[in-house]
Amino acid sequence: MIGSHLVEELLERGYRVTGIDDLSYGKLDNIHTALQHPGFQFYKVNILDFDTLKILSKDISTIIHLAAVKKIAEKDISLPTLLVNTKGTENVFEAAKMWGAKVVFASTSDVYGMSPDLPLNEEGDLLIGPSMIKRWSYAVSKLYGEQLAFGYYNDYKVPVVVIRYFGGFSPRSSFAWSGGHVPIFLRAILNDEEVVVHGDGSQTRSMGFVTDLVNGTVLALENEKAVGELINIGNDEELSVLDTAKLIHRIANTGKELKIKFVPMAEVFGKYKDIQRRIPDLKKAKSILGYQPKVKLEEAIRQTLAEIKQKKA
Ligand SMILES: NC(=O)c1ccc[n+]([C@@H]2O[C@H](COP(=O)([O-])OP(=O)(O)OC[C@H]3O[C@@H](n4cnc5c(N)ncnc54)[C@H](O)[C@@H]3O)[C@@H](O)[C@H]2O)c1
11 MIGSHLVEEL
21 LERGYRVTGI
31 DDLSYGKLDN
41 IHTALQHPGF
51 QFYKVNILDF
61 DTLKILSKDI
71 STIIHLAAVK
81 KIAEKDISLP
91 TLLVNTKGTE
101 NVFEAAKMWG
111 AKVVFASTSD
121 VYGMSPDLPL
131 NEEGDLLIGP
141 SMIKRWSYAV
151 SKLYGEQLAF
161 GYYNDYKVPV
171 VVIRYFGGFS
181 PRSSFAWSGG
191 HVPIFLRAIL
201 NDEEVVVHGD
211 GSQTRSMGFV
221 TDLVNGTVLA
231 LENEKAVGEL
241 INIGNDEELS
251 VLDTAKLIHR
261 IANTGKELKI
271 KFVPMAEVFG
281 KYKDIQRRIP
291 DLKKAKSILG
301 YQPKVKLEEA
311 IRQTLAEIKQ
321 KKA
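Under the working numbering, think of the first position of the sequence shown as 11, with each following residue one higher.
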């Protein structure tokens, strides 16, 4: 999702871009515009295939490493998350080291875990849950990726920037669970289906529109001061999950009643404790990159809704 928008922005700015995705979760349809552009090449490749990755990385100045297996539910298998996000990430850094490329690595706010130190700051301690709960594998795998990034930076002088994205969405988000609650709620409300809320919905998130995430990524890519840094990127507008459902319902204006189904946390996640509040501290992003999110949640929902409706029409 983020990669498809990022490619368009980079091409617009005159970069030549090579895209790699094994299409395990990504959709070619998301890059159909980019595919027409002479500055873009796409390869369906698994980042676990080091030999191919190595060849494709030759002469590349910067690798923006977004490929990952994202959040998993208790019912999903857990090993692909661990394997792709650790071994795959190691392959990316190894290729960068080989050809002298810079790496912008996409980490996640999930690594803050249950940290109560709000807003979540890059210098803060992290509070990860027990290993028996597989939902933590995503956070742990990304944390390992961060350590790898700084290992390659310190030991091999690979220029790296680590970005911790907070939740983001776009009309191209997956409408399955890994896309986050906003796209799922949007779809349910448009289809007049029940909106499934985990727990009582009082947990909060700070959701950003993809243009803000892309803008932060480009700033991190282009600003030399970002090298060797770990930077939060996202939106700091906090809203509870329940209020987000109500907001989407109001904006969608379907004329239908909002139907909410509350599902106990334990039923979805087993013993996993959901993160209650999540707000980024964006001071570092502002001071190093001059980053400031521009799109308010309400506007982001409006834009997403408008595009989805247009696609359906
Ligand atoms: N969207 C968010 O809210 C968010 C928040 C925090 C962090 N991130 C991180 O940002 C990055 C991009 O996220 P996104 O929302 O665009 O997710 P996404 O799932 O749309 O993109 C990840 C892509 O990686 C690809 N992929 C998975 N395994 C692969 C493999 N072995 N080889 C090659 N490609 C593979 C998938 O097909 C998918 O297209 C990810 O690293 C994610 O962890 C995203």
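Each residue gets a CB set at the ideal place from its N, CA and C atoms; glycine is no exception.
Nothing here was measured: the structure is a model prediction, and the numbers come from that model.
Item: Distance between G300 and E156 (C-alpha atoms, nearest Å); Value: 23 Å
Item: W146, buried or exposed, once every other Cβ within 10 Å from all chains shown has been counted against 16; Value: buried
Item: Three-way DSSP call (helix, strand, coil) for Y31 in this model; Value: It is worth fixing the name first, because residue 31 is Asp in this sequence and not Tyr. Strand at D31.
Item: Simplified DSSP assignment, three categories, for F195; Value: helix
Item: H324 to L252 span [Cα, whole Å]; Value: Since the first residue shown for the chain is 11 and the last is 323, residue 324 is missing from the structure and cannot be characterised.
Item: Close Cβ partners of K64 (< 7 Å) along its chain, the five nearest in sequence each way excluded; Value: A105 and M108
Item: T221 versus K144: straight-line alpha-carbon distance, rounded; Value: 31 Å
Item: Simplified DSSP assignment, three categories, for T264; Value: coil
Item: Buried/exposed call for Y166, threshold 16 Cβ in 10 Å; Value: exposed
Item: Burial state of K294, where buried means 16 or more other Cβ atoms lie within 10 Å; Value: buried
Item: T118 CB to nearest heavy atom of ligand 1 below 6 Å; Value: yes
Item: Sufficient close CB pairs (3 or more, under 8 Å) joining the stretch 84-92 to the stretch 129-136; Value: no
Item: 8 Å contact criterion, which N242 and R174 should meet: CB distance rounded; Value: 5 Å
Item: Pairwise C-alpha distance: K81 and D61; Value: 27 Å
Item: Identified DSSP bridge partners for R174; Value: S117 and N242
Item: S34 Cβ short of 6 Å to ligand 1 heavy atom set; Value: yes
Item: Proximity to N201 [Cα-Cα], best of L38, L33, K322 and T118; Value: K322
Item: Buried or exposed by the 16-neighbour rule on C-beta atoms within 10 Å, applied to I12; Value: buried
Item: Integer Cβ distance of F272 from G211, believed to fall under 8 Å; Value: 7 Å
Item: Closest residue to E317 among R182, K283 and K296 (Cα-Cα distance); Value: R182
Item: Segment limits, beta strand (DSSP E) that includes F52; Value: F50 to K54
Item: Three-state class that DSSP yields for G98 in the structure shown; Value: helix
Item: Euclidean distance between Cα positions of L223 and F176; Value: 9 Å
Item: Cutoff 7 Å; reference S250; Cβ partners in own chain excluding five residues on either side; Value: G211, S212, Q213 and T214
Item: Any non-hydrogen atom of ligand 1 closer than 6 Å to I12 Cβ; Value: yes
Item: Range covered by the alpha helix (DSSP H) that runs through E308; Value: L307 to K322
Item: For S250, three-class secondary structure by DSSP; Value: strand
Item: Near ligand 1: I41 beta-carbon under 6 Å from a heavy atom; Value: no
Item: DSSP bridge partner residues for P140 (one or two, in chain order); Value: Answer is none; P140 lacks a bridge partner.
Item: Where the beta strand (DSSP E) through H75 begins and ends; Value: T72 to H75
Item: Cα-Cα separation, I298 to L292; Value: 10 Å
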